[in-house]
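Just so you know, the protein sequences line up as chains A and B, in that order. So for the first sequence, the UniProt record's numbering puts the first residue at 1; every next one is plus one. So for the second sequence, the UniProt record's numbering puts the first residue at 1; every next one is plus one. Glycine residues also receive a C-beta, built at the ideal position from the N, C-alpha and C atoms. From a predicted model like this one, the values you see are computed outputs, not experimental measurements. Worksheet: the structure to be examined is printed underneath.
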Amino acid sequence: MKKSVLFGALTVTGLAAGAAQAATLDEVKERGELNCGVVTGLAGFGAPDANGVWEGFDVSVCRAVAAAVLGDPTAVNFVPTTGQTRFTALASGEIDLLARNTTWTFSRDTDLKFDFAGVNYYDGQGFIVPTELGVSSAKDLDGATVCIQTGTTTELNLADFFRNNNISYEPVPVETNAEAQQQYLAGACDAYTTDASGLAATRATFENPADHVILPEIISKEPLGPLVRHGDNEWGDIVRWTLNALIAAEEYGVTSANVNELAAAPGTNPEVNRLLGTEGELGAMIGLENDWAKNAIAAGGNYGEIFEKNIGENTPIGLARGLNAQWTNGGLIYAPPFR
Amino acid sequence: MSDTHAQTVSYVRETMLPEAEPPVGNRGALLWVRENLFSGWLNILLTLVSLYVIWWALAHTMPWVFRGIWNAGSLSECREIRDATLPEGTSAACWAVLSDRWQQLMFGFYPRELYWRPVLALVIFLAAIAPVLFSHMPRKALWLTAASPFVMFWLLWGGSVWFPVSVALGFALGWAAWRALAPLAGTLIASIVAVALPVVYWLYSAGTLARELDQAMPLSIEYVPSQDFGGFMLSFIIGIAGIILSLPLGILLALGRQSDLFIINKISVGFIEIIRGVPLIVWLFTASLLLNYFLPPGTNFDLMLRVIIMVTLFAAAYIAEVVRGGLAALPKGQYEAADALGLDYWKSMRLIILPQALKISIPGIVNTFIGLFKDTTLVVFIGLLDPIGLSNAIRASTEWNGIYWELFVFIGLLFFICCFSMSRYSLYLEKKLQRGHN
């Protein structure tokens, strides 16, 4: 009897998990650590270095949120997740935040009951071809053999693209990115297609990167961003506005180098003052200290700094800002006003 | 000697000639080569072709291996060094990735200054397993073996010493209950109490006891969370824990399946068939994904512990069937002889049946263990950073992006060493037991 009551109680608490987790912020503060889901390893976006310290573009989001909430960018417990385990880990409460190059789609946002806190990288599917092929546009690829990972959306995007442009192709199915690289280098296919950021990272590892060119066409939309559980809007707000703070900081010229100086006293730009907490009480509105954004920016720099450090043109990955430039520079990166 | 020959033959040798050495072509290495490699035109042809294939394979891999570069900070640096020192177009391994990251491949993210703890735990494991493996070791050493799991746990995870101590007390409690009750109430009731009492103790009082002992006498080393475990250390821990725990469980299941008691029999059969009928990867996904939903939110049931439990259950089902094969191979007379001696069930099993059945099952058991150890690499699919997972993570760093073979060769070599030693030990054991019984 007692046992069945116990199991019953367990089930009920299990079902009530969504409701009981309404206060992720309190849990994180009590724990003193942010449980952040990351990739098991993706060049530029998240990987442990030789000392086991996680680094990367997505990892920086975790660190910024930890800095905003706990004041300490190192107070993060990184949970490596795979493509299969990432959503369950978030839904079950094992992690508070998933920052793992996850595409924002309708069904993930609604059916899987997650909230995307914004977009930190606008990706899209592209092509890489050997320079000697003399191809300058994906539309010239008529009759080409294309290496493609099976069972992914890239496969469907590819079929759509070629059908829309009324040209033919021959797919060469491969299982993993690693296999695709080997096949492509061995000449088993004329072109390889996957996310453009992945192509850039792949190209960077080739012995002679200059012999390969990434074509200008991007044939799909892959907005990648951090996500949280549905139902805890306070926590979602914190993640959303931490990301926005990083983006706004770049727009207003707040960097990791000058953030402490700017936050010391109110300056001439009222938006910067509100952002850094020298004016107004924005921090209190989301349940954080008033210097939350200052800490988030100090953790790894503003959006532009994070980009340049991890995947920018001076890194081996060498991605141009492109769509990910600030809106003032013709990109899509845009933060709503801090007011 | 007759006279007949005396006229026709002038000389007859009366002693035997000493045995002459066979001609050079008919002895030693040459004979072996001729008989085994060049005994006919077809064999000559096949030998030459095989030799050519072996030479071709070695000629292509060995220079790559031995020209390898050990000192570089990244793959591109490796390539620069290669281009500077070797003629153009030659390939060379970039072993530098191992010299840079071998610690990570071995220990994962375990704190560097605490590496001595897993190493010491391994030494303790080897010392503790020796009396089990080699019968000429002193029998008293088995007490060390019984204590070693708790010591190893404490060394690996750290924290307060009182936690493993209070868990160990549960086993002592069960044993004491059995000793006290068996003569009074019979073995069945004693067994039930011996199982139930420790479980109740672990659920309700072990935690409190550990906390209070810790307050009274704090004695702890630095705590290392499971997330920091990785690399071969992770494979070893999951593999060794699975091996140690699955053997007794598997034996119990095999006995349960042979048992006449209806419920025990059916539970054992059901357990074995269900666990064995589902792929391990599914159990691992169950451990990592489904259990989270059933546990109350906020409970942090360690992922590694969940994996160890699943791997143990999986291996136990296989071991049970292997042992059942051994039990079935024993002639019925052995069981009857044990009964005739007046031994009770446990004594007859312990003294007569199991020693013989287990001897027969050794190759199968070791086979299962080797499979289990290699299967630990499947945890990569649930995001644990075992050697394969770490090789992906290492490849994802900007320095080592694009490196494949070097890491896989290293990982394969280490796994081979472990599995090969296990199989050698099983051969040794078979030979030894053969001599003992015939």
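Anticipated Cβ contact below 8 Å, residue i with residue j, distance rounded
i, j, result
"B/Ile353", "B/Tyr335", "7 Å"
"A/Glu251", "A/Ala335", "7 Å"
"B/Ile308", "B/Ala241", "5 Å"
"B/Ile394", "B/Arg101", "5 Å"
"A/Asp195", "A/Gln125", "6 Å"
"A/Ile317", "A/Ala159", "28 Å between Cβ atoms; not a contact."
"A/Asp109", "A/Asp115", "7 Å"
"B/Thr398", "A/Thr315", "6 Å"
"B/Ile219", "B/Ser160", "A quick correction: the sequence has Leu, not Ile, at residue 219 of chain B. Confirmed, about 7 Å."
"A/Ala47", "B/Ala396", "4 Å"
"A/Asn77", "B/Gln227", "6 Å"
"B/Ala177", "B/Leu197", "5 Å"
"A/Val79", "A/Asn35", "6 Å"
"residue 493 of chain B", "B/Leu144", "Shown here, chain B extends from 1 to 438; a query on residue 493 of chain B therefore has no answer."
Beta carbon of residue i nearer than 9 Å to that of residue j
i, j, result
"B/Ile272", "B/Leu247", "no"
"A/Leu246", "A/Asn295", "no"
"A/Pro226", "A/Leu25", "no"
"A/Ala67", "A/Ala299", "yes"
"B/Gly402", "B/Leu358", "no"
"B/Ala172", "B/Val151", "no"
"A/Ala75", "A/Val129", "no"
"B/Phe232", "B/Pro387", "yes"
"A/Ala257", "A/Asp291", "no"
"A/Gly37", "A/Leu90", "yes"
"B/Ile238", "B/Val379", "yes"
"A/Asn157", "A/Ile219", "yes"
"A/Val239", "A/Val119", "no"
"B/Ile360", "B/Met422", "no"
"B/Ser166", "A/Thr85", "no"
"A/Phe338", "A/Glu234", "no"
"B/Leu303", "B/Gly108", "no"
"A/Thr202", "A/Ala180", "yes"
"B/Gly230", "B/Leu384", "yes"
"B/Trp64", "B/Ala84", "no"
"A/Thr255", "A/Ile297", "yes"
"B/Trp175", "B/Ala147", "no"
"B/Ala340", "B/Ile275", "no"
"A/Val146", "A/Pro171", "yes"
Beta-ladder partner(s) of residue i, from DSSP
i, result
"B/Ser397", "Answer is none; B/Ser397 lacks a bridge partner."
"A/Ala47", "A/Glu55"
"A/Val174", "A/Gln149"
"A/Asp195", "A/Gln125"
"A/Ala144", "A/Tyr169"
"A/Thr81", "A/Val39"
"B/Val53", "Beta-bridge pairing links B/Val53 to no other residue."
"A/His212", "A/Pro130"
"A/Pro223", "A/Tyr122"
"A/Asp115", "A/Val228"
"A/Gln326", "A/Ile333"
Exposure label - residue i; buried when at least 16 CB within 10 Å
i, result
"B/Arg306", "buried"
"B/Ala180", "exposed"
"B/Asn26", "exposed"
"B/Phe408", "exposed"
"A/Ile95", "buried"
"A/Glu55", "buried"
"A/Ile333", "buried"
"A/Gln21", "Confidence in A/Gln21 is poor, its pLDDT being 46 and thus under 50, which makes the residue's placement too unreliable to answer from."
"B/Thr15", "exposed"
"B/Pro95", "It should be noted that the sequence gives Trp, not Pro, for residue 95 of chain B. The residue is buried, with at least 16 neighbouring Cβ atoms inside 10 Å."
"B/Asp375", "buried"
"B/Thr312", "buried"
"A/Ala16", "Residue confidence for A/Ala16 is low, a pLDDT of 42 falling below 50, so the modelled location carries little weight; the figure read from the coordinates is stated next. Exposed."
"B/Ser91", "exposed"
"residue 499 of chain B", "Absent from the structure is residue 499 of chain B, since the part of chain B shown begins at 1 and ends at 438."
Residue i: CB within 8 Å of a non-hydrogen atom of the ligand NAP
i, result
"B/Val199", "Summarising the ligand content, the structure contains no ligands, and the ligand NAP is consequently not present."
Complete runs of the alpha helix (DSSP H) confined to the stretch 199 to 242 of chain B [at least 4 residues]: As far as the stretch 199 to 242 of chain B is concerned, its whole alpha helix (DSSP H) runs of at least 4 residues are 206 to 216.
Mind listing, in chain order, the continuous alpha helix (DSSP H) runs of no fewer than 4 residues lying wholly within the stretch 119 to 163 of chain B? Taking only runs of at least 4 residues, the alpha helix (DSSP H) segments lying wholly in the stretch 119 to 163 of chain B are 142 to 157.
Residue ranges of each alpha helix (DSSP H) run of no fewer than 4 residues wholly in the stretch 73 to 123 of chain B, ordered along the chain? Here the runs fully enclosed are 75 to 85 and 96 to 107.
With a floor of 4 residues, list each alpha helix (DSSP H) that falls wholly inside the stretch 230 to 304 of chain A, ordered by position along the chain. Within the stretch 230 to 304 of chain A, the complete alpha helix (DSSP H) runs of at least 4 residues are 233 to 251, 259 to 264, 270 to 276, 282 to 285 and 292 to 300.
Give, in chain order, every unbroken run of the alpha helix (DSSP H) that is at least 4 residues long and sits entirely within the stretch 282 to 370 of chain B. Taken in chain order, the complete alpha helix (DSSP H) segments of 4 or more residues contained in the stretch 282 to 370 of chain B are 291 to 294, 303 to 329, 332 to 340 and 345 to 348.
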